[in-house]
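*Asks:*
Residue numbers (mature numbering (1 follows the signal peptide of the UniProt record, and there is no 0)): -20 to -1, 1 to 462.
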């Protein structure tokens, strides 16, 4: 009897001690939750400590939480969890981080009944300092999370990965000797810090032709940019590469990659010229990637240098206009294209050609309309109908003429012929004109209306290339004579 009473007294003492510990833990935990308003307060499990004495209870204390950190990896082990638990979860918070940065992790049950969670401090940008582990369980699939206990540990610098493991893989790829380009790439690794942004600075010979290339995120954890020698005055030789990375933790590091050898003698900007009208030549300029203002200068034995403004016409395509009034017909003209960087001009292309002045524009046809022409006077469709009476009155907008004419039985094609109607499909409405002279598919003359806001019929362009303006080109051929 005395032994039974003694056992009962010991058990009651244990229960009282454990309940006091529980109250203290609950109070500390509640204070912890209250000190972190960004973390949810969840009432601890009241059934963790039974209200009635049972001899089957061996350890009524809170679960134990141990941590081990090495090389940036953290292992959390938990002992003393009930065997009938659906899930054990951990909320780990970096206390000194702004807004108390935290993440959730699931602990996996082991054969001995313990639970273990493995995680990387990359989730916390490898920050040192104090971390708090909050332990939760979930009795069933549908039951809420219940807070059990918490502990704290500290991460020291020697527990983090070495510096070379924290940087992403940096590579030079896809070196193309034909186009004189190559790619700089950045790929995050399992342990590298998370990249927020990156930019490369590339230069050759000296830093006078340095150019900055922002790296673009192409896929999760993958960044790249294309280095083009055209941004460096097409320099032949060694290109030096430097990448500066801003990480998500706001730290910044600069890395130097190996040099790249590029040969660029075979690369030049492309100049092409064509008469645009009796008084104007047009220069088309391609393959001119790079920074700096473009300028074109033309001169001959009889004419001093004439500078032309270069403007962008399309993606990667530029053009400039040259007045021919001062030049003599059939004389040799030399043109040079310059790119100005930092106040210094660099010649990137040149061209010599014979000035072949086209005949002056024909006298405009006065505004009038035949009885059979129902198109609005001055429009291009009206002008084409005036010049080619066989065209229909109900063919719609100019961009639709080829398709409509074909439906009415007219032949269409892509070769210019005198008397044919040329159709461009570009723009909102398209454009039509009538061919009056042909040298080749890329050099014709036309009569037209509503060109450059001129609402009467005339030869406004002289010889020109119809394939480089106003979209897709097709021709409607006049009906064959019986």
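Glycine is no exception: its CB is placed at the ideal position from the N, C-alpha and C atoms.
Assuming contact is defined by CB atoms lying nearer than 8 Å, are residue 455 and residue 393 in contact in what I supplied?
*Replies:* Within the chain shown, numbered from 1, the residue matching residue 455 stands at position 475. Within the chain shown, numbered from 1, the residue matching residue 393 stands at position 413. Cβ distance < 8 Å, so residue 455 and residue 393 count as in contact.
*Asks:* Please classify residue 31: is it buried, with 16 or more other beta-carbons within 10 angstroms of its beta-carbon, or exposed?
*Replies:* Locating residue 31 in the chain shown gives position 51, where the first residue counts as 1. In this prediction, residue 31 has a pLDDT of 32, which is less than 50 and means its spatial position is unreliable; what the coordinates show is noted afterwards. It counts as exposed.
*Asks:* If we call anything under 8 Å between Cβ atoms a contact, is residue 302 one with residue 442?
*Replies:* Your numbering for residue 302 matches position 322 in the chain shown. Your numbering for residue 442 matches position 462 in the chain shown. No, these two residues do not count as a Cβ contact at 8 Å.
*Asks:* Cα-Cα, which of 96, 63 and 366 is closest to residue 55?
*Replies:* As a first step, residue 55 is located in the chain shown; it is residue number 75 there, counting from the start. Minimum Cα distance to residue 55 is reached at 96.
*Asks:* Identify the continuous beta strand (DSSP E) that holds residue 153 and give its terminal residues.
*Replies:* Along the chain shown, one-based indexing puts residue 153 at 173. Segment 149 to 156, the beta strand (DSSP E) holding residue 153.
*Asks:* For the beta strand (DSSP E) containing residue 237, name the first residue and the last one.
*Replies:* Walking along the chain shown from the start, residue 237 turns up at place 257. Taken as a continuous stretch (DSSP letters only), the beta strand (DSSP E) holding residue 237 covers 232 to 242.
*Asks:* Residue 182: which of 205, 201, 140 and 435 sits nearest, CA to CA?
*Replies:* Within the chain shown, residue 182 is the residue found at index 202, counting from 1. Comparing Cα-Cα distances from residue 182 to each of 205, 201, 140 and 435, the minimum goes to 205.
*Asks:* Closer than 6 Å by C-beta to residue 385: which residues in its own chain qualify, once you throw out the five before and the five after it? Chain order, please.
*Replies:* The sequence position of residue 385 within the chain shown is 405, counting from 1. Excluding residues within five positions, the ones whose Cβ falls inside 6 Å are 456.
*Asks:* For the alpha helix (DSSP H) holding residue 449, just list the boundary residues, first then last.
*Replies:* As a working mapping, residue 449 is identified with position 469 in the chain shown. That residue, residue 449, is in no alpha helix (DSSP H); it is neither H nor E in DSSP.
*Asks:* Please classify residue 325: does DSSP put it in a helix, a strand, or coil?
*Replies:* On the chain shown, position 345 is the one that residue 325 refers to. Residue 325: strand per DSSP, three-state reduction.
*Asks:* Pick out whichever of 242, 87 and 356 has its Cα sitting closest to the Cα of residue 160.
*Replies:* Counted from its first residue, the chain shown places residue 160 at position 180. Cα-wise, what sits closest to residue 160 is 242.
*Asks:* To the nearest angstrom, how far is it from the Cα of residue 409 to the Cα of residue 434?
*Replies:* The residue labelled residue 409 in the question sits at position 429 within the chain shown. The residue labelled residue 434 in the question sits at position 454 within the chain shown. Cα to Cα, the separation comes out at about 16 Å.
*Asks:* State the start and end residues of the unbroken alpha helix (DSSP H) segment that holds residue 381.
*Replies:* Numbered from 1 along the chain shown, position 401 holds the residue referred to as residue 381. Unbroken alpha helix (DSSP H) run through residue 381: 381 to 387.
*Asks:* By DSSP, does residue 210 sit in helix, in strand, or in coil?
*Replies:* Translated into positions along the chain shown, residue 210 becomes position 230. DSSP places residue 210 in helix when its eight states are reduced to three.
*Asks:* Candidates 259, 355 and 141: which alpha carbon is nearest residue 444's?
*Replies:* As a working note, residue 444 is residue 464 in the chain shown. For residue 444, the nearest C-alpha among the options comes from 259.
*Asks:* Taking the straight line between their C-alpha atoms, what separation do you get for residue 379 and residue 187?
*Replies:* Against the chain shown, residue 379 aligns to sequence position 399. Against the chain shown, residue 187 aligns to sequence position 207. Using only the alpha carbons, I get a separation of about 51 Å.
*Asks:* With a CB to CB cut of under 6 Å and the five nearest residues on each side skipped, what residues in its chain are close to residue 165?
*Replies:* Here residue 165 corresponds to residue number 185 of the chain shown, with the count starting at 1. Only 151, 153 and 204 meet the Cβ criterion.
*Asks:* What does DSSP give as the partner residue(s) for residue 316 in the beta ladder?
*Replies:* Locating residue 316 in the chain shown gives position 336, counting from the first residue. 277 and 330, per the DSSP bridge assignment.
*Asks:* Need the endpoints of the beta strand (DSSP E) that residue 128 sits in, please.
*Replies:* Position 148 of the chain shown holds residue 128. Its beta strand (DSSP E) spans residues 126 to 135.
*Asks:* What's the C-alpha gap between residue 195 and residue 178?
*Replies:* Your numbering for residue 195 matches position 215 in the chain shown. Your numbering for residue 178 matches position 198 in the chain shown. Answer to the nearest angstrom: the Cα atoms are 5 Å apart.
*Asks:* Residue 287 lies in the beta strand (DSSP E); which residues open and close that run?
*Replies:* Taking the chain shown and counting its residues from 1, the one referred to as residue 287 is at position 307. 286 to 289 is the extent of the beta strand (DSSP E) around residue 287.
*Asks:* Here's the rule: buried if 16 or more other CB atoms are within 10 angstroms of the residue's CB, otherwise exposed. What is residue 236?
*Replies:* For the purposes of this step, residue 236 is taken as the residue at position 256 of the chain shown. That one is exposed.
*Asks:* Tell me whether the stretch 52 to 68 and the stretch 93 to 110 touch, counting them as touching only if at least three CB pairs, one residue from each stretch, are closer than 8 Å.
*Replies:* With the cut-off at 8 Å, the stretch 52 to 68 and the stretch 93 to 110 touch.
*Asks:* Looking at C-alpha atoms only, which residue of 426, 372 and 407 is the closest neighbour of residue 398?
*Replies:* Sequence index remark: in the chain shown, residue 398 carries index 418 (1-based). Looking at the Cα atoms, 426 is the closest of the given residues.
*Asks:* Taking all protein chains shown into account, decide if residue 388 is buried (16 or more other Cβ within 10 angstroms of its Cβ) or exposed.
*Replies:* Working through the chain shown from its first residue, we reach residue 388 at position 408. Residue 388 comes out exposed.
*Asks:* What residues are listed by DSSP as bridge partners for residue 417?
*Replies:* To locate residue 417, count along the chain shown from 1; it is residue 437. DSSP lists 425 as partners of residue 417.
*Asks:* Based on the DSSP secondary-structure assignment, which residues constitute the bridge partners of residue 404?
*Replies:* Looking up residue 404 in the chain shown gives position 424. BP columns for residue 404 point to 411 and 453.
*Asks:* Less than 8 Å between the CB atoms is what I'm expecting for residue 253 and residue 331, so what's the real figure, rounded?
*Replies:* By one-based count along the chain shown, residue 253 stands at place 273. By one-based count along the chain shown, residue 331 stands at place 351. About 7 Å; that satisfies the 8 Å criterion.
*Asks:* What's the call for residue 370, buried or exposed, on a 16-neighbour Cβ count within 10 Å?
*Replies:* Numbered from 1 along the chain shown, position 390 holds the residue referred to as residue 370. Exposed, because fewer than 16 other Cβ atoms sit within 10 Å of the Cβ of residue 370.
*Asks:* Strictly under 8 Å for the Cβ-Cβ distance: is residue 86 near chain C by that measure?
*Replies:* Looking for chain C here will not work: only one protein chain is present.
*Asks:* Counting C-beta neighbours from all protein chains within 10 Å, is the total for residue 144 16 or more, i.e. buried, or is it exposed?
*Replies:* As a first step, residue 144 must be located in the chain shown, where it is residue number 164. Exposed, by the Cβ-count rule.
*Asks:* Tell me which residues share the same chain as residue 449 and place their Cβ nearer than 8 Å to its Cβ, disregarding the 5 neighbours each side in the sequence.
*Replies:* Sequence index remark: in the chain shown, residue 449 carries index 469 (1-based). Contacts found: 404 and 406.
*Asks:* Less than 6 Å between C-beta atoms, sequence neighbours within five positions excluded: which residues of the same chain meet that for residue 49?
*Replies:* As a working mapping, residue 49 is identified with position 69 in the chain shown. Same-chain partners within the cutoff: 135 and 139.
*Asks:* Kindly indicate which residue of 121, 309 and 291 has the alpha-carbon position closest to the one of residue 282.
*Replies:* Counting from one through the chain shown, the residue named residue 282 turns up at place 302. Selected option, being the one with the closest Cα: 309.
*Asks:* By Cβ distance, which residues of its chain are closer than 8 Å to residue 215, with the 5 residues on each side in sequence left out?
*Replies:* Locating residue 215 in the chain shown gives position 235, counting from the first residue. Same-chain partners within the cutoff: 184, 185, 189, 209, 242 and 244.
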